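What follows is a single structure, written as structure tokens, with notes after it.
In our numbering, the protein residues as written are 3 to 135.
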């Protein structure tokens, strides 16, 4: 079912925040761990996400819980330049955030395994470097 005018305003607010963070749909999907079709349909005005997915989107964008519902009810959209406490996921503000880009054709199980190995290796390298000082 197509979105209402205010639901589309909410999707537009998400798109504006994504632009500020220099994210594309793939990065929002990775941050939310939501279905790519759901994210795409939401941003394109085709459907409204379920409550759980709304929460995932809000957390990824560092917005307070209920922000999307508030916009959909006619409330104001947040300033795209700020989350509730500033963006958590921008590399300029946090150099300890790793961003992984999942290649096409990799299953969820394979991706979880590779990502875990990469994170463990990086943590080991950091610990090793810290102890060399």
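Note that CB positions come from ideal geometry on N, CA and C, so glycine has one too. Computed from a prediction, not measured in an experiment: that's the story for all the values here.
Looking at the unbroken alpha helix (DSSP H) that takes in residue 105, where does it start and where does it end?
No alpha helix (DSSP H) holds residue 105; DSSP gives it neither H nor E.
Quick check on the burial criterion: 16 or more other C-beta atoms within 10 angstroms. Buried or exposed for residue 41?
Buried is the call here.
Leaving out five residues before and five after residue 21 in sequence, what residues of the same chain have Cβ atoms less than 8 angstroms from its Cβ?
Once the five neighbours on either side are set aside, the close Cβ partners of residue 21 are 82.
Taking C-alpha atoms, which residue in 62, 56, 8 lies nearest to residue 26?
If you compare the alpha carbons of 62, 56, 8 with that of residue 26, the shortest gap goes to 62.
Where does residue 36 sit, in a helix, a strand or coil, going by DSSP?
In the three-state reduction of the DSSP assignment, residue 36 falls in the coil class, being assigned neither a helical nor a strand state.
Under the assumption that residue 32 contacts residue 104 (Cβ atoms under 8 angstroms), give the Cβ distance between them as a whole number of angstroms.
At roughly 7 angstroms, the Cβ-Cβ gap stays under 8 angstroms, so residue 32 and residue 104 are in contact.
From residue 29 to residue 23, what distance separates their C-alpha atoms?
Going by the C-alpha atoms only, they are around 10 angstroms apart.
Given this structure, state the Cα-to-Cα distance separating residue 58 from residue 114, to the nearest angstrom.
In a straight line, the C-alpha of residue 58 is about 19 angstroms away from that of residue 114.
Less than 9 angstroms separating the beta-carbons of residue 79 and residue 18?
For residue 79 and residue 18, yes; Cβs fall inside 9 angstroms.
Beta-carbon contacts of residue 141 that lie in its chain and below 6 angstroms, excluding the five residues immediately before and after:
The structure shown does not extend to residue 141, since the chain spans only 3 to 135, so no value can be given for it.
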